[in-house]
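Just so you know, this note's numbering puts 137 at position 124 of the sequence shown, and the rest follows in order with no gaps.
For each residue, glycine too, the CB sits at the ideal point set by N, CA and C.
Working notes for the structure below.
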Amino acid sequence: MHAHPTPAPALRRALVAGCCLLALAACGTQGRDHATGHAAGGRTKAAAPAGTPAATPAVAKGLPGMPPLLDPRDVYAADRPGRLSPVVKDFPSRVYVPNTESDTVTVIDPKTYKVVETIPVGRQPQHVVPSWDLKTLWVNNDRGNTLTPIDPRTGKAGKPVDVHDPYNLYFTPDGKYAVVMASLDRELVFRDAHSMKRVRTEPVTCYGVNHADFSADGRYFIVSCEFSGELLKVDTARMKVVGQQKLPFKGAMPQDVKVSPDGKRFYIADMTANGVWVLDGDTFAPPAFLPTGKGCHGLYVSRDSREMYISNRGEGTVSVFDFTRNALTKKWRLPGGGSPDMGGVSADGKVLWLSGRYDAEVYAIDTRTGAQLARIKVGSGPHGLAVYPQPGRYSLGHTGVFR
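Dropping the structure here:
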């Protein structure tokens, strides 16, 4: 593990290089409430946009068994509007909202913005995760130590499966394994993607593993460790941690992770630093930083791969990042405020759906204008909602990361 101490004041100066300014600051408070999954963030004194990481080679031969990318220049090429897999094309469109404090999943019809069903599940459901083969939605009952399967064709819940500490869930790009983010157990648990039987356990020394995303070739993935402010690099085939670093910010609390369309950078939301870390995953060098807003939390790529929507939970806003321009271009404010957290983009790309973590509500936001289309009351502590179905050939997990 490589620790990066807080920069001295003399080093906190602006370095103008073309249009890029890099500065790092250290301040903020750290608190934890695992009953709701996350902690309240502090304030950033100074921060700066990221420079452009060194270019990486074209996508090499992918992980064996992984479906090849449709476009080596865009990992999200299969996610275009309405491009539904034959597996899901007849599934009813729904928004599934796990309520961590109500132990339920609220089901919303996105056409009417009405709640159509409330499904009882296990204790403290954190995320609703589409399976690799797109056929099942897994509800992560973290404190209940189970996964509840939901059939997205019928909307009916099945028999829970025993899985310990399933805070979050991902799938390897070859479809072989589920990767359980066992946050309190301090483990990455590789399980059979269908039966969920344990295959291998990788203990970790960081605290609070929670979110991840895979490299373009699928050979490694980057994991955020929320409560110790660290990042991991994991070899997919070997199922082993091969890199670890401490983020250069006191009290850092990394959250969602998302790879850029060209696969050259990883973006990691940080709710205490109030912005996004920009990491070269290949070199795994210390990342640069881009401030977005208080409580930066969730990251979602637009259907045309041009923009990324960034939820700032602590200030009720969504920042919009333009990949081509490498810059923030817009900030949308929820009328009356709110606590936008996790979610997803509609199949047609026109609506961004986010849970209101501390307000027992869900927001529907127009991706063209940033206008709030609806604010829907749900259960207590809504968290990792899934919009389903979505375009894509297979799911890498979380609330819907598709390739």
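Please determine if the region 82-102 and the region 110-119 are in contact, where contact requires at least 3 C-beta pairs separated by less than 8 angstroms. Contact annotation: the region 82-102 does not touch the region 110-119, with fewer than three C-beta pairs closer than 8 angstroms.
Rounded to whole angstroms, how far is the Cβ of residue 356 from the Cβ of residue 368, which I believe are closer than 8 angstroms? Their Cβ separation, rounded to whole angstroms, is 6 angstroms, which keeps residue 356 and residue 368 in contact under 8 angstroms.
In whole angstroms, what separates the C-alpha of residue 304 from that of residue 331? Taken atom to atom, the span from the alpha-carbon of residue 304 to that of residue 331 is near 12 angstroms.
Quick one, which of 179, 318, 245 has its alpha-carbon nearest residue 299's? Taking residue 299 as reference, the option from 179, 318, 245 with the minimal CA-CA separation is 245.
Taking the C-alpha atoms as reference points, what is the distance between residue 231 and residue 386? When only Cα atoms are considered, residue 231 and residue 386 end up about 36 angstroms apart.
Assuming residue 242 and residue 225 form a contact by the criterion Cβ under 8 angstroms, report the distance between their Cβ atoms to the nearest whole angstrom. Not really, about 16 angstroms apart at Cβ, beyond 8 angstroms.
For residue 196, which residues of its own chain have a beta-carbon under 7 angstroms away from its beta-carbon, when the five flanking residues on both sides are left out? Cβ within range, chain order: 178, 180, 221, 222, 223.
With DSSP as the reference, label residue 90 as helix, strand or coil. Helix at residue 90.
Where does residue 295 fall in DSSP's three states? Residue 295: coil per DSSP, three-state reduction.
According to DSSP, simplified to helix, strand and coil, what is residue 404? Coil at residue 404, not helix or strand.
Let's test the definition: count the other Cβ atoms within 10 Å of the Cβ of residue 133 and tell me whether it reaches 16, buried, or not, exposed. Exposure of residue 133 is indicated by the presence of fewer than 16 other C-beta atoms within 10 angstroms of its C-beta.
Please work out which residues of its chain come closer than 8 angstroms, Cβ to Cβ, to residue 255, disregarding the five sequence neighbours upstream and downstream, and give them in chain order. Around residue 255: 233, 246, 247, 248.
Let's see if you can read the secondary structure: which residues bound the beta strand (DSSP E) around residue 368? Taken as a continuous stretch (DSSP letters only), the beta strand (DSSP E) holding residue 368 covers 364-369.
Close Cβ partners of residue 216 (< 7 angstroms) along its chain, the five nearest in sequence each way excluded: Counting only residues of its own chain and dropping the five nearest sequence neighbours on each side, residue 216 has a CB closer than 7 angstroms to the CB of 199, 200.
Once the 5 residues before and after residue 398 are set aside, which same chain residues still bring their CB inside 8 angstroms of it? The answer, listed in chain order, is 108, 109, 110, 111, 141, 355, 356, 357, 366, 367, 368, 375, 412.
The beta strand (DSSP E) with residue 201 in it runs from where to where? Run containing residue 201: 200-205, per the beta strand (DSSP E) assignment.
With distances taken Cα to Cα, identify the nearest neighbour of residue 362 among 390, 352, 78, 313. For residue 362, the nearest C-alpha among the options comes from 313.
Taking just the CA atoms, how far does residue 360 sit from residue 381? Cα to Cα, residue 381 sits roughly 15 angstroms from residue 360.
Neighbour-count burial assignment, residue 78, 16 or more Cβ in a 10 Å radius: Exposed, since its Cβ has fewer than 16 Cβ neighbours within 10 Å.
Where does residue 52 land, buried or exposed, given buried means 16+ other C-beta within 10 angstroms? Any reading at residue 52 needs caution, since the residue's pLDDT is 37, under 50, leaving its predicted position unreliable; the model's value is listed next. Looking at its Cβ environment, which holds 16 or more other Cβ atoms inside 10 Å, residue 52 is buried.
Proximity of residue 391 and residue 377 at Cβ, strictly below 8 angstroms: The Cβ-Cβ distance between residue 391 and residue 377 does not fall below 8 angstroms.
Label residue 166 either buried or exposed according to how many other C-beta atoms from any shown protein chain fall within 10 Å of its C-beta, with 16 as the threshold for buried. Classification for residue 166: exposed.
So residue 275 and residue 92 are supposed to be a Cβ contact under 8 angstroms. How far apart are they, rounded? Their Cβ separation, rounded to whole angstroms, is 15 angstroms, which puts residue 275 and residue 92 out of contact at 8 angstroms.
Rounded separation between residue 338 and residue 289 - CA only: Distance between the alpha carbons of residue 338 and residue 289 is about 16 angstroms.
Delimiting residues of the beta strand (DSSP E) encompassing residue 79: Premise fails: residue 79 is in no beta strand (DSSP E) and is neither H nor E.
Tell me whether the beta-carbon of residue 162 lies closer than 8 angstroms to the beta-carbon of residue 135. Between residue 162 and residue 135, the gap from beta carbon to beta carbon reaches 8 angstroms or more.
Rounded separation between residue 203 and residue 106 - CA only: Straight-line Cα distance between these residues: approximately 30 angstroms.
Alpha carbon to alpha carbon, what distance is there between residue 308 and residue 287? Inter-residue distance for residue 287 and residue 308 is about 5 angstroms (C-alpha atoms, whole angstroms).
Is the distance from the Cβ of residue 394 to the Cβ of residue 130 below 8 angstroms? The answer is no: Cβ separation not under 8 angstroms.
For residue 340, does the count of other Cβ atoms within 10 angstroms reach 16, so buried, or fall short, so exposed? That one is exposed.
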